[in-house]
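K.L.:
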Amino acid sequence: MTDAELQSWWPDLGAVVAELRRSDRPAVADLLVDAVRAGATSGEILDGVGGVLRDHRGLCSKLSDS
Numbered sequence: 248m249t250d251a252e253l254q255s256w257w258p259d260l261g262a263v264v265a266e267l268r269r270s271d272r273p274a275v276a277d278l279l280v281d282a283v284r285a286g287a288t289s290g291e292i293l294d295g296v297g298g299v300l301r302d303h304r305g306l307c308s309k310l311s312d313s
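Here the sequence shown is numbered in the working numbering, starting from 248 and rising by one per residue.
1) Specify, as a first and last residue, the run of the alpha helix (DSSP H) that Ala251 falls within.
2) At the level of alpha carbons, what is the spacing between Ala251 and Leu260?
3) If we ignore side chains and look at the alpha-carbon of each, how far apart do Val283 and Val263 end up?
4) Tell me whether the beta-carbon of Leu267 lies closer than 8 Å to the beta-carbon of Val275.
5) Using only the alpha-carbon positions, how far apart do Leu310 and Ser289 sit?
6) Counting C-beta neighbours from all protein chains within 10 Å, is the total for Leu293 16 or more, i.e. buried, or is it exposed?
Here it is in structure tokens:
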């Protein structure tokens, strides 16, 4: 899944991934995209994305409100 595909499929997560790439955090953006790719069900996807966000929660204060 490319960033553009993610943006069209899950716009809010796509915006987070795009901002992480712009703010020099491409590794975290890649982890989010990988979590989406790895999930076979919506629950697995949400669990994977939630895990990445939990592990990197310190970045939330560095992202814009949008």
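Glycine residues also receive a C-beta, built at the ideal position from the N, C-alpha and C atoms.
P.N.:
Reading it off the structure:
1) Reading the sequence shown from its first residue, position 4 is the one you call residue 251. Per DSSP, Ala251 belongs to the alpha helix (DSSP H) from 250 to 256.
2) In the sequence shown, counting from the first residue as 1, residue 251 sits at position 4. In the sequence shown, counting from the first residue as 1, residue 260 sits at position 13. CA-to-CA, the gap between Ala251 and Leu260 works out to about 11 Å.
3) Taking the first residue of the sequence shown as position 1, residue 283 is located at position 36. Taking the first residue of the sequence shown as position 1, residue 263 is located at position 16. Roughly 13 Å separates the two Cα atoms.
4) As a position in the sequence shown, residue 267 is number 20, starting the count at 1. As a position in the sequence shown, residue 275 is number 28, starting the count at 1. Going by C-beta atoms, Leu267 is nearer than 8 Å to Val275.
5) Counting from 1 along the sequence shown, the entry for residue 310 is found at position 63. Counting from 1 along the sequence shown, the entry for residue 289 is found at position 42. If I take the Cα positions, the gap works out to 25 Å.
6) Position 46 of the sequence shown holds residue 293. So Leu293 counts as exposed.
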